[in-house]
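Encoded as structure tokens, the structure appears first; notes follow it.
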Amino acid sequence: MALGDKNDLCAVCGKKTNAFTRVKLTDGFLCSTCKTWCSNFVQLRSMSSADARAHIAKTLQDDSIYPSLVPSESVGKYLVVFSKERLWSCMVSKDETPYLFSFDDIINYELLEDGACVTKGGLGSAAVGGFLFGGVGAIVGGGLGRKQHDLVQKMGIRISTKVPLMSHIEIPILTTETKRSGMLYSSCKETALKILSLLDQIMSQQGQKEPSSAVSSADEILKFKKLLDEGIITQEEFEAKKRQLLGL
Ligand SMILES: [Zn+2]
């Protein structure tokens, strides 16, 4: 009776899911293959079937344009910026789906050490132009009234975004316990400061007009038509995207 139960099918590709490897969505399941098309940052368990379809349509689109993008700036794999397209991505690796955020997606960001905020950026317009950081030297010392411990277990940068289901993403920089006085800590801190200063630059360019896209609306529509043909988006979602691209 349970075999071929409609409820066992993947909400995105429609194939039967494996009970051990599938992901539970709020109203269904996502198969392990479709899961590989989700960003590591997305809050999978809060997703509905429609969210999953929209998210995967976006990552597939990102995946197709990614090879043609040329980074203008980057800090290792942690943060890659494409200033011409006003896009950025983080924790980019070969085997993962890159998720391209727009400059305008960032709300704010903070440097965390062992879960405590060391410094913040992007708090409204005050952050524009590096006001809060004032360059690399202006970091607020390790928390007010909090004892500076000799050891640190974790350092990372948390970015709050306007993207639904990706409202908090964290870039891990230090993941093993180390001494504050050591080389590893200093080099991680240096990396963190570079990332913060790049995020600062991105935020100072928010709200500026998007450059006219080199990709025509027709090309875009064709891409979404492919997603429709592959059953990844619905006819309804396709029509909505088409209207949007044609400015109707
Ligand atoms: Zn699937």
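Position one of the sequence shown corresponds to residue 22 (the working numbering), numbered consecutively onward.
Cβ atoms here follow ideal geometry from the backbone N, Cα and C, with glycine treated the same way.
Should the stretch 65 to 83 be regarded as contacting the stretch 27 to 46, the criterion being three or more beta carbon pairs within less than 8 Å?
Using a C-beta cut-off of 8 Å, the stretch 65 to 83 makes contact with the stretch 27 to 46, since at least three inter-stretch Cβ pairs fall below that distance.
Kindly indicate which three-state DSSP category asparagine 39 falls into: helix, strand or coil?
Reduced to three states, the DSSP call for asparagine 39 is coil.
Apply the 10 Å Cβ neighbour rule to cysteine 138 and answer buried if 16 or more other Cβ atoms are within range, or exposed otherwise.
So cysteine 138 ends up on the exposed side.
Please report the distance separating the alpha-carbon of isoleucine 77 from that of aspartate 84.
Rounded to the nearest whole angstrom, the C-alpha separation of isoleucine 77 and aspartate 84 is 10 Å.
Using the beta-carbon count (16 or more within 10 Å), is phenylalanine 41 buried or exposed?
It is exposed - the Cβ of phenylalanine 41 has fewer than 16 other Cβ atoms within 10 Å.
Do you know how far the Cα of proline 193 is from the Cα of leucine 121?
Just so you know, the alpha carbons of leucine 121 and proline 193 end up roughly 18 Å apart.
For lysine 285, the nearest candidate out of Phe259, Glu198, Ala239 (CA to CA)
Residue 285 lies beyond the stretch modelled for the chain, which goes from 22 to 269, so this question has no answer here.
Would you report the Cα separation of isoleucine 10 and isoleucine 86, rounded to the nearest angstrom?
This structure cannot settle anything about residue 10, because the visible part of the chain is limited to 22 through 269.
Is proline 185 helix, strand or coil by DSSP?
Three-state result, proline 185: coil.
What three-state label does DSSP hand alanine 78 in the structure shown?
When secondary structure is reduced to three states using DSSP, alanine 78 falls in the helix class.
Does ligand 1 have even one heavy atom less than 6 Å from the beta-carbon of valine 63?
Incorrect: valine 63 has no Cβ contact closer than 6 Å to ligand 1.
Please report the straight-line C-alpha distance between lysine 263 and isoleucine 242, rounded to a whole angstrom.
Distance between the alpha carbons of lysine 263 and isoleucine 242: 6 Å.
Counting along the chain, where does the alpha helix (DSSP H) carrying isoleucine 242 start and finish?
Element bounds for isoleucine 242: 238 to 250.
Ordered along the chain, which non-local residues of its own chain (more than five positions away) have a Cβ less than 7 Å from that of cysteine 31?
The beta carbon of cysteine 31 lies closer than 7 Å to those of Thr38, Phe50, Leu51, Cys52, Cys55 in the same chain, with the five residues before and after it left out.
Reference arginine 74, options Leu90, Asn129, Lys98, Leu186, closest by Cα
For the residues Leu90, Asn129, Lys98, Leu186, the minimum Cα distance to arginine 74 belongs to Leu186.
Best match in Gly268, Gln265, Ile253 for proximity to alanine 71 [C-alpha to C-alpha]:
The residue from Gly268, Gln265, Ile253 with its alpha-carbon nearest to that of alanine 71 is Ile253.
Examine ligand 1 and report whether any of its heavy atoms sits within less than 6 Å of the Cβ of cysteine 111.
Taking the Cβ of cysteine 111 as the reference point, every heavy atom of ligand 1 lies at 6 Å or farther away.
Return the chain-ordered list of same chain residues with a C-beta closer than 6 Å to the C-beta of glycine 136, the five sequence neighbours on each side being excluded.
Around glycine 136: no qualifying Cβ.
Among Cys111, Val184, Arg107, Lys200, the one whose alpha carbon lies nearest that of lysine 175:
Residue Lys200 is the option with its Cα nearest to lysine 175.
What is the residue span of the beta strand (DSSP E) that glutamate 94 lies within?
Looking at the DSSP string, the run of the beta strand (DSSP E) that includes glutamate 94 is 94 to 96.
Does arginine 197 pass the burial test, meaning 16 or more other C-beta atoms within 10 Å, or should it be called exposed?
Checking the displayed sequence, the identity of residue 197 turns out to be threonine instead of arginine. Its Cβ having fewer than 16 others within 10 Å, threonine 197 is exposed.
Going straight from the alpha carbon of lysine 36 to that of aspartate 221, what length do you get?
Taking the straight line joining both Cα atoms gives about 44 Å.
Do you know offhand how far glutamine 226's Cα is from leucine 219's?
Computed Cα separation, rounded: 11 Å.
Using DSSP's beta-bridge definition, name the partner residues of tyrosine 130.
Answer is Gly142, Ile180.
State yes or no: is the C-beta of valine 91 within less than 7 Å of the C-beta of valine 101?
Contact flag unset, no.
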